[in-house]
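Numbering (the numbering used here), first residue to last: 1 to 512.
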């Protein structure tokens with residue numbers, strides 16, 4: 001609990017988290033400053049939103065709020081480098097399908113949602129992240145059939161209300177599902193193509209204006225906790241004109257770019273057949289590959305792709321759990337890191353990984369590459385995984401130099417875990433046990449920008465119980481109304497399946 005220095009009465013952490021500029025001392029915790037420093041007992045002094053001192057013992061005045069951390073492991077907040085607010089209400093709902101067929105079932109649950117429904121879904125994911133130690137997220141929110149100002153505001157407001165940091169990009173595509181897989185259009189009967197053609201045309205200019213206006217409202221909002229960017233979903237589902245427009249907007253406003261890259265073999269082969277070059281090369285040609293670009297998944301890459309990503313300084317969001325659930329493949333993490341690519345960790349959305357707990361990805365990122373080579377000298381360590389989840393994530397989200405470690409000048413984004421948990425007994429190696437043993441259940445207190453947003457496991461910023469009840473009610477309504485939205489998927493399913501199987505059997509690398 002939290003008290004004022006020199007005061008005999010306890011004060012709640014809610015008081016300490018009201019966003020005032022009071023000083024706070026996190027006293028006596030076992031502090032893991034970053035992936036490269038051994039854990040050691042220390043006091044952390046916070047003034048306003050930032051850390052001003054980290055020392056073995058610090059003295060403070062009577063007006064300083066004291067948070068007793070003597071029974072806590074204190075770590076920098078984790079960064080979820082890839083998630084999707086639009087599918088948190090679909091957790092556990094879609095299983096046993098590859099991405100190419102899964103997407104249609106997800107779209108049926110997403111299309112036509114109201115701004116309030118979008119807000120509830122986004123808040124649900126943000127709450128889950130906060131309670132398991134994630135303080136910042138890279139968010140690709142898809143609004144179907146296309147983004148509106150009200151829907152984008154709902155996503156950003158949810159993150160602002162829960163209290164997380166976020167780099168938000170609207171996930172957009174202006175081409176129809178017939179462009180999703182090479183050869184699909186030729187397989188689909190004329191009647192089904194006509195059904196697709198009856199859908200309203202994508203208002204490209206209107207969407208670009210909507211994104212520009214949303215960036216003006218939200219980029220740097222919530223005291224600098226929020227960033228805004230553009231999110232072309234997949235390169236070959238966007239026209240070149242749309243991609244050039246997104247690139248120009250990102251350059252003009254200094255915005256982040258988030259996209260999916262070569263998540264599946266079928267996707268990677270489709271790009272080669274469409275452009276005569278890889279998706280990576282196409283992004284580079286259109287000005288969308290650079291240091292502010294975040295590339296989710298990045299599984300089916302050749303050596304030239306990896307070299308181009310490293311040269312551009314882009315960051316890859318590695319999502320090992322989602323990659324396995326959708327059968328997408330195992331990302332070449334060792335090659336990426338050894339060739340100089342920046343890598344962060346993500347959960348992906350709740351419909352493909354089923355939770356927003358980054359500890360699962362943290363553990364698997366260290367273990368999964370070990371089955372790809374017997375050369376154990378190349379295996380990633382627990383510290384490597386933790387670095388991707390903190391400093392790597394900070395870079396991915398556009399907060400490099402501000403979050404990701406516990407040091408003077410950095411934002412006070414902290415997570416306190418209960419050292420009484422069995423995961424830390426006996427305490428042989430704090431960072432190894434954090435990565436290999438912890439599952440997120442030991443998180444007790446979470447601060448973002450010096451504000452307590454989780455106090456002894458309780459979210460302090462929003463009415464969690466009310467939001468959970470609303471999420472249940474919305475999901476019930478979605479389930480009851482799925483027949484109409486799923487009709488197109490039922491018509492397309494056999495042709496998607498055939499195209500997916502043909503592309504998945506194609507030779508790789510596709511250029512050969």
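Just so it is clear, CB atoms sit at the ideal spot from N, CA and C, and this is done for glycine as well.
Predicted model only: the values in this text are computed from it and were never measured.
In this structure, what does DSSP give as the bridge partners for residue i?
i	result
residue 167	138, 227
residue 256	229
residue 219	None; residue 219 has no bridge partner.
residue 388	For residue 388, which the question treats as bridged, DSSP gives no partner whatsoever.
residue 294	258, 315
residue 44	26, 54
residue 68	27
residue 455	458
residue 342	315
Do the CB positions of residue i and residue j come within less than 7 Å of each other?
i	j	result
residue 79	residue 467	no
residue 166	residue 231	no
residue 51	residue 26	no
residue 385	residue 353	no
residue 88	residue 124	yes
residue 96	residue 489	no
residue 257	residue 229	yes
residue 263	residue 328	yes
residue 151	residue 118	yes
residue 149	residue 210	yes
residue 359	residue 438	yes
residue 346	residue 319	yes
residue 403	residue 411	yes
residue 243	residue 212	no
residue 449	residue 49	yes
residue 158	residue 194	no
residue 432	residue 187	no
residue 357	residue 276	no
Output needed for residue i: all residues of its chain with C-beta closer than 7 Å, excluding positions within five of it in sequence on either side, in chain order.
i	result
residue 269	182, 503, 506, 510
residue 69	26, 27, 28, 29, 416
residue 261	279, 280, 295, 296, 297, 298
residue 435	362, 363, 366, 382, 385, 386
residue 247	286, 287, 288
residue 351	87, 90, 91, 93, 94, 106
Leaving aside the five residues before and after residue i along the sequence, list all residues of the same chain whose C-beta is less than 6 Å from its C-beta, in chain order.
i	result
residue 280	305, 308
residue 75	32, 415
residue 520	The structure shown does not extend to residue 520, since the chain is modelled only from 1 to 512, so the question has no answer here.
residue 370	379
residue 192	491
residue 486	108
residue 515	Because the chain is modelled from 1 through 512, residue 515 falls outside the range shown and cannot be assessed.
residue 400	394
residue 185	178
residue 17	Low local confidence applies: a pLDDT of 38 at residue 17 is under 50, so the model's placement there is unreliable, with the coordinate-based value given in what follows. Result list for residue 17: 451, 452, 460, in chain order.
residue 418	442, 444
Take residue i as the anchor and find which of the options has the nearest alpha-carbon.
i	options	result
residue 452	319, 54, 414	414
residue 508	484, 272, 143	272
residue 22	34, 47, 38	47
residue 133	393, 63, 454	454
residue 172	237, 495, 81	237
residue 456	130, 65, 40	130
residue 82	64, 136, 408	136
residue 72	464, 138, 430	430
residue 334	315, 319, 373	373
residue 92	482, 494, 475, 497	475
residue 205	390, 495, 216, 174	174
residue 442	462, 214, 421	421
residue 55	41, 317, 63	41
residue 36	163, 388, 357, 446	388
residue 38	469, 446, 472, 405	405
Going along the chain, which residues of its own chain have a beta-carbon closer than 8 Å to the beta-carbon of residue i, five neighbours each way excluded?
i	result
residue 259	231, 232, 233, 234, 235, 283, 288, 293, 294, 295, 296
residue 500	98, 100, 101, 181, 266
residue 57	43
residue 162	123, 126, 127, 130, 453, 459, 461, 462
Is residue i buried or exposed, if buried means 16 or more other CB atoms sit within 10 Å of its CB?
i	result
residue 326	buried
residue 116	exposed
residue 425	exposed
residue 245	buried
residue 427	exposed
residue 525	Any property of residue 525 remains undetermined from this structure, which presents the chain solely from 1 to 512.
residue 240	exposed
residue 444	buried
residue 340	exposed
residue 392	buried
residue 337	buried
residue 495	buried
Can you confirm whether residue i, when its beta carbon is compared against all beta carbons of chain C, has any partner nearer than 7 Å?
i	result
residue 491	Of the chains in the structure shown, none is chain C; there is only one protein chain.
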